[in-house]
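Going down the list, the sequences are from chains A and B.
First residue of the first sequence? That's 1376 in the working numbering, and the numbers climb one at a time after it.
First residue of the second sequence? That's 136 in the working numbering, and the numbers climb one at a time after it.
Even for Gly, the Cβ is constructed at its ideal location relative to N, Cα and C.
Please read the structure below before turning to the comments.
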Amino acid sequence: DVKVTQSSRYLVKRTGEKVFLECVQDMDHENMFWYRQDPGLGLRLIYFSYDVKMKEKGDIPEGYSVSREKKERFSLILESASTNQTSMYLCASMELSRGLYEQYFGPGTRLTVT
Amino acid sequence: QQQVKQSPQSLIVQKGGISIINCAYENTAFDYFPWYQQFPGKGPALLIAIRPDVSEKKEGRFTISFNKSAKQFSLHIMDSQPGDSATYFCAASQNNNDMRFGAGTRLTVKP
Chain A
1376 DVKVTQSSRY
1386 LVKRTGEKVF
1396 LECVQDMDHE
1406 NMFWYRQDPG
1416 LGLRLIYFSY
1426 DVKMKEKGDI
1436 PEGYSVSREK
1446 KERFSLILES
1456 ASTNQTSMYL
1466 CASMELSRGL
1476 YEQYFGPGTR
1486 LTVT
Chain B
136 QQQVKQSPQS
146 LIVQKGGISI
156 INCAYENTAF
166 DYFPWYQQFP
176 GKGPALLIAI
186 RPDVSEKKEG
196 RFTISFNKSA
206 KQFSLHIMDS
216 QPGDSATYFC
226 AASQNNNDMR
236 FGAGTRLTVK
246 P
């Protein structure tokens, strides 16, 4: 079974704090993703990575950065948290299975910035 | 601006009925179209997917219909059951390096 774990289920931070969200997958997948999920907006892609030390911007990268030093770990960094970054953050890894590219999601981190 | 537009935002269907969710896209480079199902408190999970070389794919009660010329695709859930109540997301990707999701449809199947 593929497992994608995220470091926290719930997180409360103050405006201006630096926030690290960690994601680890145990299936040696090359592609990993960070999304934020907001009601009515679905999942919006923040960043993705297709290899160690490689990263690509998604649709809403502003205010975020990422780090992929090891294949199994993909970190999302909020350099200076703001209240509009309060959201559910979902990490995913992706593999080719039965001819389909399937993303496996972690349980999510609900971040509240006060 | 969302690259994949999904409708309706919410849907209520009687048990045994057909649920239909629609998606549209603009980027003709998209070459893979999955649907994900998400239950409360869980991350989305792959339900069914299609590539643009076929117009329909069926897996059990779930069918994707794909119209390449209209740049639209839809999910049909036949004989809808209360256990199907969840949020459904369509998505599209290009070269399998990224994935763009629709806004989601909250499906409620009434017993």
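Query, Result
"Rounded straight-line distance, which links the Cα of A:ALA1467 to that of B:LYS206", "26 Å"
"Chain B contact for A:GLY1415 (CB, 8 Å cutoff)", "yes"
"Rounded separation between A:ASN1459 and A:GLU1437 - CA only", "12 Å"
"Three-state class that DSSP yields for A:GLY1417 in the structure shown", "strand"
"Below-8 Å beta-carbon distance, B:TYR167 vs any chain A residue", "yes"
"Reduced DSSP secondary structure (H/G/I, E/B, other) of B:ASN157", "strand"
"Chain B contact for A:LEU1418 (CB, 8 Å cutoff)", "yes"
"A:THR1380 in three-state terms, based on DSSP", "strand"
"Euclidean distance between Cα positions of A:TYR1479 and A:GLY1391", "31 Å"
"Whether B:SER142 touches B:LEU242 by CB criterion (8 Å)", "no"
"Same chain, Cβ closer than 6 Å to A:LYS1446, neighbours up to 5 away in sequence not counted", "VAL1427"
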